[in-house]
Every structure is written in C-alpha cells, then in structure tokens.
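Protein chains in written order, with my numbering: chain A, 1 to 261; chain B, 1 to 260; chain C, 1 to 327. Ideal Cβ placement from N, Cα and C applies to all residues, glycine included. Let me begin by presenting the structure, written as structure tokens, before commenting on it.
Spelled out as structure tokens, the structure:
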C-alpha cells in the first residue's frame with residue numbers, strides 16, 4: 001500500500017468513525033448551536049463589563065471552540081478503534097505511521113475548520129459584527145491552520161487516551177485550559193504574567209491573534225508570522241503525539257494493555 | 001398515600017437515597033467541579049479588567065449558581081436512561097406512586113449535587129480573586145438558594161421527560177448549558193438583552209431564583225422574585241407531570257421501558 | 001373469582017425497515033393467550049426463550065399495553081385500572097439488573113418501600129423480616145454491587161414482597177444461578193405459596209415447573225400449546241415410549257427418514273459434546289428400533305435405550321425444539 005492510499009483510506013475510516021458525531025441529533029446541538037451560544041455568552045459578558053468589543057469575543061470563541069471537534073474527535077478515533085478492538089490490528093500493520101495517522105486526522109481538521117467558520121458566520125450575523133468581504137479568504141486560511149494545529153494537540157490526547165480511560169474528562173479539561181490561556185476571552189496582555197507566558201505554547205493562541213487582526217483589516221501577509229508560529233506549535237504537538245503513540249504501542253505489546261477497555 | 005406528611009416523607013427519603021447514589025460516583029465529581037470553574041475564572045478575569053469591585057461580586061455569586069444549572073443540564077436528560085440502564089425503570093413505573101412523584105426527587109437530587117459545585121466556585125472566587133459575597137440577610141439568602149435548587153430541579157423534571165424518546169438525549173441536554181447560563185442572568189443582567197429575549201429569561205424559574213439571591217445578598221427584599229420563582233417552578237412541574245403521563249402511556253404501548 | 005385472568009391476550013410489534021421503501025413488519029410476540037389462576041395457586045408459564053413469557057407477564061404487570069384481548073388481576077383490568085393492580089402485585093425478575101448497585105441492600109429496600117407505599121412505622125420491621133426470610137440477614141449494609149447473582153435474586157424477592165402483595169409475578173427467577181442457590185430459591189418460592197400468595201412463575205426449566213407448580217401452561221411462539229397439572233401433561237405423552245439412541249454424526253436426511261416411519265410421533269436430536277442423542281417418541285405398541293438402527297447404518301451407534309416418557313419429553317414434543325439439558 002502506498003503512503004498516499006494509506007492516507008486517503010485511513011481518512012475514510014476516520015470519517016466513518018466520526019459518523020457518531022455526524023448524527024444530526026448530536027452534531028447540531030454540540031457543534032453548531034453550542035458554540036454560537038458560547039460566543040453570545042461572552043459577547044454579552046464583555047458588554048456587561050464594558051471590556052472588549054463584540055468582534056473580540058466573536059473571533060476568540062469561534063476559534064477556541066474548534067477544540068471540541070479537533071481534540072475530541074481525534075481522541076475518539078483512537079478510542080473508537082480500541083472499542084471495536086481493531087486498534088491492535090491497525091497498529092500491527094506494517095503501514096508507515098505518518099500517512100496512517102495523518103490520514104485519520106484530515107477529516108477531523110476539516111470538521112473543526114467548518115465548525116469555526118460556521119460559528120464565525122452565524123455569530124457575526126446575530127451580533128451585527130461586520131467583517132469585510134475581503135477578509136473571509138484570509139480568515140478561512142487562518143481557521144484552517146488553527147484547526148490543524150489543534151488536531152495536533154488532539155493526537156497527544158489520543159495517545160494519552162491509549163492509557164487512560166476517561167478521555168471525555170481529559171478533553172473537557174483541555175477545552176477549559178484553552179478557554180483560559182488562549183486569549184479567547186481575555187487578551188493575552190491582560191492575563192497574569194505566568195498565564196501569558198504559557199499562552200504562546202498552546203494551539204489556537206496565535207490563530208486567535210491573527211484572526212482578530214484580519215477582522216480589523218490586516219491581510220494574510222501581515223499575519224504570516226503568527227500563522228507560521230501556530231503551525232510550528234501544531235507540528236510540535238503532532239510529533240509528540242505520534243511518538244507517544246509509537247512508544248505506548250511498543251510498551252503495550254509487552255504488557256498487553258492495548259485492548260484492555 | 002394521599003396524606004401530605006406521607007408524601008413529604010416519601011419525597012425526602014427517596015431524594016436522600018438518590019443523592020447518596022449520585023455522591024458515590026466519584027468520576028462525575030471531578031468534571032462537575034472543574035468545568036464551571038473554567039468559565040467562572042474567565043468571567044472573573046474579564047470583569048476584573050473593568051475595575052469595579054461590585055462587578056466581581058456580581059460575577060462571583062452568579063458563577064456559583066452556574067454550577068446548579070450545569071448539574072441539571074448535563075444530567076437530567078439522562079435521568080430516565082440511567083434508570084433504564086439499572087433495570088429499575090420498570091420497577092419505578094410499576095410502583096403505585098404517581099410517576100411524577102417518583103421522578104421529582106431524582107431531579108432534585110441531581111440539582112443538589114450542583115450545590116457542591118456552588119460551594120467550590122465561591123471558595124475559588126474568594127481564594128484566587130478575593131471575592132467576598134456579602135450576605136445581608138442570611139436566612140433569605142439560604143431560602144433563595146433552596147428555592148433556586150428546586151426551580152432548577154423542576155426544569156430538570158421537564159427536561160427528563162421531554163427527551164426520553166431520543167437516544168442522544170445527552171446532547172440535547174448539554175446544548176442547554178450555555179443558553180441557561182446566559183438567559184438566567186447568572187453572569188450578565190438580563191436587561192441587556194433585546195426585549196423579546198428578556199421575556200424568555202423571565203419565563204425561566206432560575207432567573208428569579210438568581211434575582212432573589214442577589215437581592216437578599218444586597219439586603220433588598222427578595223419576596224417578589226421568590227414568589228415568581230415558585231409559581232414558575234410549579235407551572236413547569238405541572239407541564240412535566242402531564243407530559244410524563246403521556247410519555248409513559250406511549251412507552252407502555254410501544255414497549256420502550258426496558259430497552260437499553 | 002380467579003385472581004389472574006388472561007382473556008385472548010395478544011401483543012404485536014410493528015417495526016419499519018428500510019430507508020427509501022419503508023416496509024412494515026408485524027411480529028406477534030403473544031397471540032390469543034388465555035388462562036386463569038386461582039387464589040393460592042402457583043401457576044407456571046413454561047416455554048423456550050422468545051416464546052412470549054416475559055411479554056405476557058409484563059402485560060399482566062401493566063408495563064405493556066396489550067394490542068388485543070383483556071386481562072384482569074384481582075378483578076382490576078390491567079389497562080383501565082393500573083394503579084389498583086400495582087398496589088397488589090409484586091414483580092421479581094431474574095438477572096443482574098433491577099437494583100441500585102451503589103446503595104446497600106437495606107437502602108435499596110428502603111427506597112422501594114417508600115415507592116410501594118409501605119407505612120413508615122412498619123418499614124423497619126418489614127425490611128428486617130424480609131431480609132431474614134430471604135437469608136440476607138447480616139449482609140444488609142453491603143453495597144449491592146458486591147452481591148452475587150444469587151444474592152441479588154434473593155434481594156429482588158425481598159423487594160417484591162415489601163408491600164405484602166397478594167399476587168407475585170416471578171419472571172425466570174433462577175436464571176443463571178448456581179444449582180445450590182437455585183435450589184434455595186425454589187424452596188423460598190415454595191414457602192411463598194405455602195404462605196397463601198398467588199404466584200405466576202415463568203421459566204424455561206421444565207424440571208422447575210414440575211417441582212413447584214400446581215398447574216403449568218406451555219407456551220410456544222406466543223400461543224399456549226398445552227395446559228394442565230404436571231401429571232396431566234405427562235399423561236398426554238405417557239402412552240407409548242421413547243427410543244433413545246446415542247450416535248455420532250447423524251445426517252439430517254436420516255432424521256427426516258426416521259420421522260417418516262410409521263408410529264413415530266416426533267424425533268429430536270440432543271447435542272451432548274461430540275455425540276448426539278436421537279430421541280424418538282413412538283406410539284404405544286409400535287416397534288421401530290430395528291428400522292431406526294437400519295437407517296443409522298453407517299454411523300457409529302452407542303447405547304440404545306427404550307424408556308417411559310418423562311415431563312421433559314412432553315415438553316420437548318410440545319415446544320418442538322431440542323432441549324439443552326439442565327443448566
């Protein structure tokens with residue numbers, strides 16, 4: 001099997017694994033309605049406190065919410081394989097790891113991207129935030145980088161998920177950490193110094209900053225540096241995740257713990 | 001079983017035993033505490049920037065009550081599913097006690113779990129942000145909180161019977177977490193909303209419970225808010241009772257009481 | 001007046017399949033079931049899995065609405081007067097579920113005694129009495145999650161008896177329980193009858209029905225195929241004899257040929273590990289052993305026995321499936 005085939009077929013499997021989420025009864029409430037309300041919650045919070053503009057909270061939360069589809073879906077894909085007891089089979093194939101897991105990540109990234117985009121569009125309509133037409137292209141690119149980067153974090157969560165059973169708790173905590181540290185609702189400059197120091201090491205922080213600049217009129221070129229740093233962060237997490245999965249896979253072969261649910 | 005004291009005792013004992021069961025589940029605990037804390041902390045960080053200490057107190061009290069709502073939004077929709085999974089739903093239906101009286105203590109117990117979260121959030125606000133919520137009239141304040149718990153539980157009662165038909169009821173319940181926080185005025189005054197939205201807020205019992213808690217904390221009279229909270233709570237409970245009757249008849253017709 | 005009356009009771013399920021062309025499929029789980037149970041009787045509903053026993057009992061318990069027919073318990077219609085039925089009926093079912101794992105035994109009983117209307121002043125006494133009766137005295141403060149299935153079953157029975165109902169419905173109470181535990185449970189059930197309760201028991205263990213029940217109704221595919229006392233059911237097949245042949249690798253065609261022999265009432269095959277047992281029910285006065293052995297020529301044959309039919313044979317013939325022996 002060539003790497004390209006592995007990439008796409010693995011992606012198809014992951015897509016089907018996501019099918020759980022594609023049930024409209026789960027997808028719509030969890031991934032379409034909830035993020036819009038998160039935007040509204042914080043936008044009104046800002047209005048009540050007299051701090052920050054609607055656009056500030058709109059962008060921050062639309063991007064941050066991608067953590068739900070990206071981290072959860074990635075962890076679920078691995079957990080799902082463990083449930084159907086195909087994980088051992090998958091990891092036992094001689095297929096090269098990189099295209100295998102990248103293929104599985106692709107639908108997750110696309111899904112996260114769509115969720116952020118949808119939230120941004122609907123949120124802007126409800127709040128009456130005008131985003132210039134020319135900004136949507138750069139925004140789309142920015143959101144995609146953010147989703148990809150966050151999915152890298154998802155790979156780490158997936159690796160931890162191989163050892164720990166409570167992936168849901170883990171996912172929610174990751175979400176909360178990103179809520180606090182990524183600058184979604186509090187400008188990084190307004191954060192306590194120790195939090196501000198952690199912020200650039202997490203996915204989505206740079207994306208949020210870049211997206212805010214674009215909404216304020218910047219071009220893609222202007223935010224290029226931020227996007228590169230975001231991509232770097234994402235790759236770092238993805239690498240850690242892949243290595244962790246490899247190591248855990250090797251150790252599980254010794255201790256036969258992979259299939260233990 | 002028509003004597004009031006008998007019913008009151010039954011409700012109390014069953015509430016207590018359900019609470020015992022829910023408390024024993026440690027896993028639930030971690031997330032129930034930590035989740036609202038993330039949002040509370042964010043709210044504090046936002047309000048802190050505005051420099052007005054009253055705003056922090058506002059957020060401190062409001063975010064504590066958030067835990068009550070989260071407790072019910074995330075668990076009430078699964079109440080009957082949980083009973084079905086235990087195999088006890090049929091036994092509850094087969095009891096001579098009216099089903100509404102069986103279900104209400106369950107949702108009240110679920111909301112009571114949220115009280116733990118409430119305490120944790122108040123403590124957190126005090127420890128990390130120095131927020132001290134004044135309690136001008138302690139008795140009225142506690143009364144407001146108790147009434148709020150019951151009001152949220154009545155909403156949970158309605159939620160639990162409305163979504164019983166859906167396998168994915170948990171997703172529908174979870175979806176209500178944010179709207180509840182927003183519309184019940186926990187973090188944001190409901191007067192900020194467009195008029196038609198404010199009307200929706202006023203139709204939710206917890207909004208008045210929250211209002212009563214704020215008023216008794218500040219030393220104002222909470223009686224109107226408390227009365228409205230109770231009236232609305234009873235209205236929701238009545239609707240839920242009617243609905244539960246219909247739902248049960250349907251379940252008996254379509255044999256869905258025992259499905260897993 | 002009979003305590004339990006089922007009158008042409010029926011229950012069907014409609015399921016729709018397919019996405020584009022919705023096809024409706026009707027499954028009749030129970031059709032035209034009628035029987036009566038008198039006061040103080042221990043009545044057995046005996047049949048294989050999927051025969052409709054549980055469905056019938058749930059209809060009588062008011063948990064399922066019948067799609068046809070009527071039923072009355074203690075004179076109250078199960079559809080029109082469910083509350084009155086529930087007040088006087090206890091429901092016990094087999095298996096691991098039906099109890100709150102995280103509560104201890106006593107708390108489980110407290111919970112249900114509140115719901116089933118046991119008077120507060122009577123509760124403590126009643127709970128203690130029942131724990132004693134079912135042999136769980138001393139274990140009441142342990143969480144149910146640590147209970148064995150036998151213990152859970154006993155707690156189930158205690159729970160079913162809390163409000164001292166006149167009628168008890170027991171749905172496969174000994175399923176999955178070790179032989180010793182099951183025997184103790186059966187003794188308990190016998191004691192209940194001795195105490196004057198009316199009991200409706202469903203089971204697929206024919207020996208259990210034989211041992212406990214005053215009368216048995218055999219149910220298969222939703223209808224009752226025979227009814228009577230255990231003795232009467234045995235009589236129905238006692239004319240004639242049973243030819244039992246131990247064989248290895250019997251071809252289905254051979255079974256079909258044996259069935260066609262004159263005087264053969266029914267043929268069934270029992271799997272016993274590597275070997276099989278061919279059970280041939282033969283009319284009185286007819287001798288088929290030579291023909292059967294001739295048909296089995298070519299297969300290895302072990303013991304050949306001719307014997308009187310037992311209740312098990314009656315059951316097997318009535319339900320037309322091969323019994324798996326007793327677990």
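Which residues DSSP lists as bridging residue i, in chain order
| i | result |
| --- | --- |
| residue 276 of chain C | C:247 and C:271 |
| residue 219 of chain C | C:224 |
| residue 71 of chain C | C:6 |
| residue 307 of chain C | C:242 |
| residue 266 of chain C | C:281 |
| residue 36 of chain C | C:5 |
| residue 93 of chain C | C:171 |
| residue 43 of chain C | C:200 and C:215 |
| residue 77 of chain C | C:72 |
| residue 11 of chain C | C:30 |
Contact check, residue i vs residue j, beta carbons under 7 Å
| i | j | result |
| --- | --- | --- |
| residue 256 of chain C | residue 278 of chain C | no |
| residue 108 of chain A | residue 150 of chain A | no |
| residue 225 of chain B | residue 237 of chain B | no |
| residue 13 of chain B | residue 114 of chain C | yes |
| residue 157 of chain B | residue 103 of chain B | yes |
| residue 237 of chain A | residue 188 of chain B | no |
| residue 10 of chain B | residue 36 of chain B | no |
| residue 290 of chain C | residue 242 of chain C | no |
| residue 118 of chain B | residue 64 of chain B | yes |
| residue 140 of chain C | residue 130 of chain C | no |
| residue 71 of chain B | residue 111 of chain B | yes |
| residue 67 of chain C | residue 11 of chain C | yes |
| residue 101 of chain A | residue 171 of chain A | no |
Minimum Cβ-Cβ distance from residue i to chain C less than 7 Å
| i | result |
| --- | --- |
| residue 260 of chain B | Its pLDDT being 42, under 50, residue 260 of chain B is placed unreliably by the model, and the measurement read from it follows with that caveat. Not one chain C Cβ lies under 7 Å of residue 260 of chain B. |
| residue 257 of chain B | yes |
| residue 48 of chain B | no |
| residue 87 of chain B | yes |
| residue 103 of chain B | no |
| residue 95 of chain B | yes |
| residue 90 of chain B | yes |
| residue 199 of chain B | no |
| residue 110 of chain B | no |
is_contact[residue i, chain A] using C-beta, thresh 7 Å
| i | result |
| --- | --- |
| residue 250 of chain B | no |
| residue 14 of chain B | no |
| residue 56 of chain B | no |
| residue 171 of chain B | yes |
| residue 36 of chain B | no |
| residue 175 of chain B | yes |
| residue 31 of chain B | yes |
C-beta neighbour in chain B for residue i, strict 7 Å
| i | result |
| --- | --- |
| residue 29 of chain A | yes |
| residue 44 of chain A | yes |
| residue 63 of chain C | yes |
| residue 107 of chain C | yes |
| residue 51 of chain A | yes |
Residue i: CB within 6 Å of a non-hydrogen atom of the ligand NAP
| i | result |
| --- | --- |
| residue 175 of chain C | For the ligand NAP, the structure offers nothing, since it holds no ligand at all. |
Nearest-angstrom Cβ-Cβ length linking residue i and residue j, presumed shorter than 8 Å
| i | j | result |
| --- | --- | --- |
| residue 217 of chain C | residue 208 of chain C | Incorrect: roughly 14 Å between the Cβ atoms, too far for contact. |
| residue 250 of chain C | residue 299 of chain C | 6 Å |
| residue 91 of chain C | residue 100 of chain B | Wrong, their Cβ atoms sit about 21 Å apart, outside the cutoff. |
| residue 175 of chain B | residue 29 of chain A | 4 Å |
| residue 140 of chain B | residue 23 of chain B | Not a contact, Cβ separation roughly 28 Å. |
| residue 124 of chain A | residue 146 of chain A | Incorrect: roughly 17 Å between the Cβ atoms, too far for contact. |
| residue 168 of chain C | residue 71 of chain C | No, residue 168 of chain C and residue 71 of chain C are not in contact; Cβ-Cβ is about 16 Å, not under 8 Å. |
| residue 74 of chain A | residue 158 of chain A | 5 Å |
| residue 180 of chain A | residue 198 of chain B | Not a contact, Cβ separation roughly 30 Å. |
| residue 162 of chain B | residue 243 of chain B | 7 Å |
Interface flag, residue i vs chain F, CB-CB below 7 Å
| i | result |
| --- | --- |
| residue 179 of chain B | The structure shown contains no chain F; its protein chains are A, B and C. |
Mind listing, in chain order, the continuous alpha helix (DSSP H) runs of no fewer than 4 residues lying wholly within the region 101-169 of chain C? Taken in chain order, the whole alpha helix (DSSP H) runs of length 4 or more contained in the region 101-169 of chain C are 105-115, 120-133 and 149-161.
Whole alpha helix (DSSP H) elements within the region 56-130 of chain B, 4-residue minimum: You should have 79-86, 89-93 and 99-129.
Which residue spans inside the region 195-255 of chain A form an unbroken alpha helix (DSSP H) run of at least 4? Positions of the alpha helix (DSSP H) runs, each at least 4 residues long and wholly inside the region 195-255 of chain A, are given as 205-215 and 224-255 in order along the chain.
Going along the chain, which unbroken runs of the beta strand (DSSP E) with 3 or more residues stay wholly within the region 178-202 of chain B? Counting only runs of 3 or more, we get nothing.
Those runs of the beta strand (DSSP E) which lie wholly inside the region 21-65 of chain A and span at least 3 residues: List check, beta strand (DSSP E) in window: nothing returned.
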